[in-house]
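The structure appears below as structure tokens.
Numbering (the numbering used here), first residue to last: 20 to 522.
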């Protein structure tokens, strides 16, 4: 007997499938067939794309890599530029372009070791490429391969006549330092100075017997030879790192040695402790004092060298800060032991006697502010002076300064000066300050074409036309004068950095 499907308690046999199940299975089979066909179509499409027919991804040509490398270099993407150039190297036809691109990429990245390697390859392939050869030499110098770079330069100079190579070779051959003195015995202290010129090199020196290197002091103002025995070793080191042969001087000074330890003045104590770096109970000798080149004193303070309130600034001497300075009681007696003094500031002293300064022939910068100075005749022979500040004093006669022809900066503000016309010989002045005096004429400025700053306010000046010849003026302060003739100054006012011409 057959069992009926669908009746209560009846269930289909395992081997029987209902009509609904048949439709569902048929749909699944069709869907699977369609998926298989789709995959086959994708596979076929992939094969189709790989075949290079319509719709496929384009294959890059060497020209494409060249364009990519150039674009990456221009955009600053140097890593990608290098990748493109390395791809290009796979085609021997474009090797030169590839190597050049690699060299530029490594150069932009600052990878000079790799740039050197690449340019070596270019030099092998094309030894006549002089630009590449010169760049390779520069990279070798940068990589501290100095001798190898010099050898390559000499080899190339034997093959080609290049001004650029000759100039480079000249920078590799540094002349040894030349001095105004030679080895020997001297009966007094000396100033050892360079006589040769070194535009692209600096002269480094030692006096302790060690070899001079780039870390050794640079010889600029000269070396004071005052110790009984001194060995100077000097060498010029060029901008490219090449070093000259050494110049060695053995010098003996026979001037008698004096112990200055009994001088207990504050200045001597300061020099002992702060400049000579000696303890208070250590002896101080005259040959040690002769080494001092800078002293800065304001009131009762002895200032460390280099502080802004104690030194010249650019083309003029700036007034000190707002600190209240107690007036000092110092004198200039110590300068008898410092014959090579170059920079001196002695300001805010009760009444300073400047007579001891007369023998300081090496003095270049001098500031004597608010010292109750009336007579400056002792300064007449200081022809090495480049900067002189005498503000806030009682000076009326400036004729002793007329012979200081190397002056570049002269400050005479707040004195009792009525005549400055005798200063016409100071043709090197760039800064001139006679403000707050009784000056009536500035004819002397006709001979000062390089003036850039002029401070003449609060005087009795009627004509500013002498300044017409001063084509480099940047600052003109002239208020407080009965001016009737401005010359061409008002026309130049708009081009000045600072002026009070509109007042």
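The beta carbon of each residue, even a glycine, is placed where N, CA and C say it ideally should be.
* Asked: So what's residue 406 in DSSP terms, helix, strand or just coil?
  -> Against the chain shown, residue 406 aligns to sequence position 387. DSSP places residue 406 in strand when its eight states are reduced to three.
* Please report the residue range of the alpha helix (DSSP H) in which residue 116 lies. => One-based indexing of the chain shown puts residue 116 at position 97. Here the alpha helix (DSSP H) through residue 116 covers 114-128.
* Asked: My guess is that residue 445 and residue 467 are in contact by the Cβ rule of under 8 Å, so how many angstroms apart are they, rounded?
  -> Along the chain shown, one-based indexing puts residue 445 at 426. Along the chain shown, one-based indexing puts residue 467 at 448. With 8 Å as the limit, residue 445 and residue 467 qualify as a contact, their Cβ atoms being about 7 Å apart.
* Residue environment, residue 98, which counts as buried when at least 16 other CB atoms sit within 10 Å -> Residue 98 sits at position 79 when you count from the first residue of the chain shown. Under this definition residue 98 is an exposed residue.
* Contact under 8 Å by Cβ, residue 364 with residue 320 -> Stepping through the chain shown from its first residue, residue 364 is reached at position 345. Stepping through the chain shown from its first residue, residue 320 is reached at position 301. No. Outside cutoff.
* Asked: Using CA coordinates, which residue listed in 465, 455, 168, 389 is at the minimum distance from residue 474?
  -> Along the chain shown, one-based indexing puts residue 474 at 455. Considering only alpha carbons, the answer is 455.
* To do: For residue 360, verify whether its CB is less than 7 Å away from any heavy atom of the ligand FMN.
  => Annotation note on the ligand FMN: not contained in the displayed structure, which lists no ligands.
* To do: Could you tell me if residue 204 is buried or exposed, where buried requires 16 or more neighbouring beta carbons within 10 angstroms of its beta carbon?
  => Taking the chain shown and counting its residues from 1, one reaches residue 204 at position 185. Exposed, since its Cβ has fewer than 16 Cβ neighbours within 10 Å.
* Give the range of the beta strand (DSSP E) segment to which residue 450 is assigned. => In the chain shown, the residue the question calls residue 450 occupies position 431. It spans 450-452 - the beta strand (DSSP E) in which residue 450 sits, taken as one unbroken run.
* Just curious, the alpha helix (DSSP H) that residue 194 is in, first and last residue? -> In the chain shown, counting from the first residue as 1, residue 194 sits at position 175. Per DSSP, residue 194 belongs to no alpha helix (DSSP H) and is neither H nor E.
* Asked: Below 8 Å between beta carbons: does that hold for residue 517 and residue 492?
  -> By one-based count along the chain shown, residue 517 stands at place 498. By one-based count along the chain shown, residue 492 stands at place 473. Their beta carbons are not under 8 Å apart, which means residue 517 does not touch residue 492 by this criterion.
* **residue 253 (DSSP reduced to helix, strand or coil)** => For the purposes of this step, residue 253 is taken as residue 234 along the chain shown, with counting starting at 1. Strand at residue 253.
* **For residue 447 and residue 508, the rounded distance between their alpha carbons** => As a working note, residue 508 is residue 489 in the chain shown. As a working note, residue 447 is residue 428 in the chain shown. Rounded to the nearest angstrom, the two C-alpha atoms are 21 Å apart.
* Do the CB positions of residue 495 and residue 479 come within less than 8 Å of each other? -> Against the chain shown, residue 495 aligns to sequence position 476. Against the chain shown, residue 479 aligns to sequence position 460. Their beta carbons are not under 8 Å apart, which means residue 495 does not touch residue 479 by this criterion.
* **Which of helix, strand or coil DSSP assigns to residue 334** => As a working mapping, residue 334 is identified with position 315 in the chain shown. Any reading at residue 334 must be qualified, since the residue scores a pLDDT of 43, below 50, and its modelled position is unreliable; the value itself is stated next. Coil.
* Less than 8 Å between the CB atoms is what I'm expecting for residue 224 and residue 252, so what's the real figure, rounded? => Position 205 of the chain shown, counted from the first residue, corresponds to residue 224. Position 233 of the chain shown, counted from the first residue, corresponds to residue 252. About 6 Å; that satisfies the 8 Å criterion.
* For residue 198, which of 245, 265, 187, 136 has the nearest alpha-carbon? -> For the purposes of this step, residue 198 is identified with residue 179 of the chain shown, where counting begins at 1. For the residues 245, 265, 187, 136, the minimum Cα distance to residue 198 belongs to 265.
* Please say whether residue 258 and residue 190 have beta carbons closer to each other than 8 Å? => One-based indexing of the chain shown puts residue 190 at position 171. One-based indexing of the chain shown puts residue 258 at position 239. Against a cut-off of 8 Å, the Cβ pair of residue 258 and residue 190 comes out as a contact.
* To do: From the DSSP output, in three-state form, read off residue 355 for me.
  => Position 336 of the chain shown, counted from the start, is the residue given in the question as residue 355. DSSP places residue 355 in helix when its eight states are reduced to three.
* In its own chain, which residues sit with a C-beta less than 7 Å from the C-beta of residue 302, not counting the 5 before and 5 after it? -> As a working mapping, residue 302 is identified with position 283 in the chain shown. The answer, listed in chain order, is 278, 280.
* Taking residue 404 as the reference, give the member of 292, 415, 376 with the closest Cα. => By 1-based counting over the chain shown, the position of residue 404 is 385. With distances taken between Cα atoms, residue 404 lies closest to 376.
* Is it the case that the Cβ atoms of residue 412 and residue 390 are separated by a distance below 8 Å? -> Taking the first residue of the chain shown as 1, we reach residue 412 at position 393. Taking the first residue of the chain shown as 1, we reach residue 390 at position 371. Going by C-beta atoms, residue 412 is nearer than 8 Å to residue 390.
* In the structure shown, what three-state DSSP assignment does residue 392 receive? -> For the purposes of this step, residue 392 is taken as the residue at position 373 of the chain shown. Coil, per DSSP.
* Residue closest to residue 124, alpha-carbon to alpha-carbon, out of 135, 101, 137 -> Counting from one through the chain shown, the residue named residue 124 turns up at place 105. The shortest C-alpha separation from residue 124 is found at 101.
* Within 8 Å, strictly: CB atoms of residue 483 and residue 504 -> Mapped onto the chain shown, residue 483 falls at position 464. Mapped onto the chain shown, residue 504 falls at position 485. Against a cut-off of 8 Å, the Cβ pair of residue 504 and residue 483 comes out as a contact.
* Asked: Is the distance from the Cβ of residue 318 to the Cβ of residue 291 below 8 Å?
  -> Along the chain shown, read from residue 1 onward, the residue named residue 318 stands at position 299. Along the chain shown, read from residue 1 onward, the residue named residue 291 stands at position 272. Result no, Cβ atoms of residue 318 and residue 291 do not sit closer than 8 Å.
* **Paired residues, beta bridge with residue 266 - DSSP** => Residue numbering aside, residue 266 sits at position 247 when the chain shown is read from its first letter. Note: residue 266 sits in a beta bridge opposite 253.
* Asked: When burial is assigned at 16 or more other CB atoms within 10 Å of the CB, is residue 172 buried or exposed?
  -> To locate residue 172, count along the chain shown from 1; it is residue 153. The residue in question, residue 172, is buried, as its Cβ has 16 or more Cβ neighbours within 10 Å.
* Asked: According to DSSP, what are the bridge partners of residue 368?
  -> As a first step, residue 368 must be located in the chain shown, where it is residue number 349. Beta-bridge pairing links residue 368 to 347.
* Asked: Thinking C-alpha only, which one of 78, 486, 93, 174 is nearest residue 469?
  -> As a first step, residue 469 must be located in the chain shown, where it is residue number 450. Comparing Cα-Cα distances from residue 469 to each of 78, 486, 93, 174, the minimum goes to 486.
* Those runs of the alpha helix (DSSP H) which lie wholly inside the region 300-326 and span at least 4 residues -> 305-308
* **Own chain partners of residue 133 with C-beta closer than 7 Å, once the 5 adjacent residues on each side are dropped** => On the chain shown, residue 133 is found 114 positions in, with the first residue counted as 1. Taken in chain order, the residues that qualify are 125.
* So what's residue 216 in DSSP terms, helix, strand or just coil? -> Position 197 of the chain shown, counted from the first residue, corresponds to residue 216. Of the three classes helix, strand and coil, the one that applies to residue 216 here is coil, per DSSP.
* Asked: What residues match up with residue 224 in a beta bridge as DSSP calls it?
  -> Here the question's residue 224 lines up with position 205 in the chain shown. Paired residues: 253.
* Other residues of its chain near residue 306: CB distance less than 6 Å, five sequence neighbours each side excluded -> For the purposes of this step, residue 306 is identified with residue 287 of the chain shown, where counting begins at 1. Excluding sequence neighbours, residue 306 sits near 245, 246.
* Asked: What's the gap between the Cα of residue 417 and the Cα of residue 438?
  -> The residue given as residue 417 occupies position 398 in the chain shown. The residue given as residue 438 occupies position 419 in the chain shown. Between residue 417 and residue 438, the C-alpha separation is close to 8 Å.
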